[in-house]
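In the numbering used here, the protein residues as written are 69 to 709.
For every residue, glycine included, the Cβ atom is placed at its ideal position computed from N, Cα and C.
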Amino acid sequence: MIKITLPDGSIREYEKGTNAHQIALSISEGLARNVLAAVVDGEVWDTSRPIEQDASMKLLTWNDTEGKSTFWHSSAHLLAEALEALYPGTKFGIGPAIETGFYYDVDFGDHQISSDDFKKIEDKIIELAKAKSEYSRKSVSKAEALKYFEEKGDEYKLDLIKDLEDGKITFYTQGNFTDLCRGPHIPNTGFIKAVKLMNVAGAYWRGDESRKQLTRIYGVTFPKQSELAEYLQMIEEAKKRDHRKLGKELELFTFSEKVGMGLPLWLPKGTALRERLVNFLQKAQQKAGYDQVITPHIGHKNLYVTSGHYDKYGADSFQPIKTPQEGEEFFLKPMNCPHHCEIYKSKPRSYKDLPVRLAEFGTVYRYEQSGELHGLTRVRGFTQDDAHLFCRPDQVKEEFKKVIDLVLYVFKALGFENYTAQVSLRDPENKAKYIGSDENWQLAEQAIVEAAEEKGLPTVVELGEAAFYGPKLDFMVKDALGRKWQLGTIQVDYNLPERFELEYTGSDNQKHRPVMIHRAPFGSLERFVAVLIEHCAGNFPLWLTPEQFIVLPISEKFEDYGKKVLESLNNSDIRGLIDLRDEKIGRKIRDAEIKKLPYMLIIGEKEMQEGMVSVRKHGEGDKGSMTLEEFQNHLQQEIII
């Protein structure tokens, strides 16, 4: 017999060789019908794979991230089977699950595939899915694997097999299709009830531009047709909320090929919004005891060699800036922390001076591949709301908790209410990726875990997601469409103070190393604004929006009164403008709605005579007549954050 420990801590005994499906069946037939895979001792397995020894196990359904991933990986295999049936001689690269479904890289030979072919392929996938073919796993030797794909004539699989270790190679077969694959997979194709192919693109084999370009087909599948319909509706809503589209319509930012790809230009309205965000956080930081600093946009190469950033990122960053001085090299600043270390080091520090909190809205530069650039979410120049806290070891947890409070204050003010705190730790199997001693890593990880627990944060732990110099707490925020974004990060770092030889004099009159906390509630202003635009569909909180109202005179004879209304409100620090175009009032209202202006103040004969304004709210309609004082009070109540 073997003992299986379930997530609730209960232990059940089963015969050796029992599989996850049988265990699910012993709990509930309904559960067994919905189980897609299982996590066995931390590894995702097929439900049919025998368990030969005591293990902890979690059953996975569509509601689990690993369950969805397994479902979509199996769907990629089903796509490949459909393509092979429809286009004989097709050769296959890789077909992984991704966050939004799956893709498969395919060589169709002389055949050209476009979105016009999607319906035919989708129909074939559903036809094959209805056969309820099992995904069967088979271990093969390297020689067998090479022989199979040599006979099939698939050079891409042969290229993959060359890098694999003999004895650790598996095939998966469903229906008439066999693929080289580690797995795992869902029990059978019948779980796949709905499919939509989303896009077709080019992709070089193994990302190497010197190799052949394959056709990459993206798709998504669901266990219910209704879930696909909901997903497609969400996609349509996402298109309407796309920050690139709204950024252009609302005149917030633009890009120029002459300036350079991935280098955003902030327009006046976008700059005003951005500066309000900066001012908002600066006020909060000032209350929390931060000192504002400014550092250059470039730094000497040796600065980043000392910090370790050059070894980790130098090859992938912008190339060095050479000066007339032979051998002298500078880099565009890829991050602010090395500069802040030097500011800390600029004078002697006592234990009484700590913590030292240095904050900067510092613009940094990182070279991203052109294919990875995407609006404001992936750029080559961006501004971080960066701060670095230098504290004694006994202050780390308390300072960390204060930073958590600051991050949550930012989220609340901007309407991000659905979030999870991700405790990002180093990969225990690959410590070479990180700098610093095991002892320092353990101390840093313990401080983060305890601080998150004491603040009552909903947390998940992710191994291998730490920064190279220390663990971190990443805030994963869900937007209005349920999409996850990483916004805000806090990191504990024992290593940079070592590398920069930072010191303070302790109460024992001896020299000690401070601990460094890195934090950025926004992350980067560019990415944060992009996510905020899509979260609120361009309907910013009233305190943040570039223009809070627009005055709409019905005709030319009411323009003078309209200008007085505008001047009065602007003098009360309420931002707005007036529409003096020779257009009908209906057109003016429609245009104001499109521009997402929060309030429209309509002025005609009655309003002018009574010294009032007729108020409409964006998306809600008529709010009645108000005096300017009443309208001002109404706005000020809404602006409170």
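Three-state secondary structure (DSSP) at residue i?
i: residue 179; result: coil
i: residue 620; result: strand
i: residue 319; result: coil
i: residue 522; result: helix
i: residue 529; result: strand
i: residue 441; result: coil
i: residue 93; result: helix
i: residue 677; result: helix
i: residue 249; result: coil
i: residue 269; result: strand
i: residue 704; result: helix
i: residue 458; result: strand
i: residue 382; result: helix
i: residue 286; result: strand
i: residue 610; result: coil
i: residue 536; result: coil
i: residue 581; result: coil
i: residue 302; result: helix
i: residue 644; result: strand
i: residue 632; result: helix
i: residue 410; result: helix
i: residue 356; result: coil
i: residue 281; result: strand
i: residue 659; result: helix
i: residue 627; result: helix
i: residue 365; result: coil
i: residue 374; result: helix
i: residue 339; result: helix
i: residue 111; result: strand
i: residue 698; result: helix
i: residue 599; result: helix
Counting C-beta neighbours from all protein chains within 10 Å, is the total for residue i 16 or more, i.e. buried, or is it exposed?
i: residue 644; result: buried
i: residue 424; result: buried
i: residue 403; result: buried
i: residue 513; result: buried
i: residue 461; result: exposed
i: residue 328; result: exposed
i: residue 101; result: exposed
i: residue 430; result: buried
i: residue 211; result: exposed
i: residue 661; result: exposed
i: residue 341; result: buried
i: residue 508; result: buried
i: residue 655; result: exposed
i: residue 95; result: exposed
i: residue 400; result: buried
i: residue 332; result: buried
Can you check DSSP and say which residues form a bridge with residue i?
i: residue 169; result: 166
i: residue 256; result: 202
i: residue 431; result: 451
i: residue 130; result: Note: residue 130 sits in no beta bridge, so no partner.
i: residue 293; result: Paired residue(s): none; residue 293 is not in a bridge.
i: residue 558; result: 541 and 587
i: residue 334; result: 321
i: residue 668; result: 618 and 684
i: residue 80; result: 72
i: residue 652; result: Paired residue(s): none; residue 652 is not in a bridge.
i: residue 546; result: 552
Assuming residue i and residue j make a contact with CB atoms under 8 Å, what is their CB distance in whole Å?
i: residue 491; j: residue 555; result: Their Cβ separation, rounded to whole angstroms, is 16 Å, which puts residue 491 and residue 555 out of contact at 8 Å.
i: residue 173; j: residue 312; result: So it is not a contact: roughly 27 Å between Cβ atoms.
i: residue 528; j: residue 488; result: 6 Å
i: residue 482; j: residue 459; result: That pair is no contact at about 28 Å.
i: residue 144; j: residue 192; result: Not quite, the Cβ-Cβ distance comes to about 14 Å (not below 8 Å), so this is no contact.
i: residue 703; j: residue 669; result: Residue 703 to residue 669, Cβ: 11 Å. No contact.
i: residue 320; j: residue 161; result: With a Cβ gap of about 39 Å, residue 320 and residue 161 do not count as contacting.
i: residue 566; j: residue 579; result: The Cβ separation is near 13 Å, so there is no contact.
i: residue 559; j: residue 520; result: Not really, about 13 Å apart at Cβ, beyond 8 Å.
i: residue 453; j: residue 349; result: 6 Å
Is residue i close to chain B, meaning its C-beta is less than 8 Å from at least one C-beta of that chain?
i: residue 357; result: The question asks about chain B, but that chain is absent: this structure has only one protein chain.
Touching by the beta-carbon criterion (3+ pairs, under 8 Å), the region 475 to 486 and the region 494 to 511: no
Cβ contact check for the region 136 to 152 and the region 247 to 266: 3 or more pairs under 8 Å: yes
Three CB pairs or more closer than 8 Å across the region 438 to 453 and the region 462 to 472: no
At least 3 beta-carbon pairs within less than 8 Å: the region 299 to 308 vs the region 586 to 596: no
Three CB pairs or more closer than 8 Å across the region 154 to 170 and the region 284 to 298: yes
At least three beta-carbon pairs within less than 8 Å, the region 79 to 95 to the region 226 to 236: no
contact_flag[the region 109 to 121, the region 262 to 272] where n(CB pairs < 8 Å) is 3 or more: no
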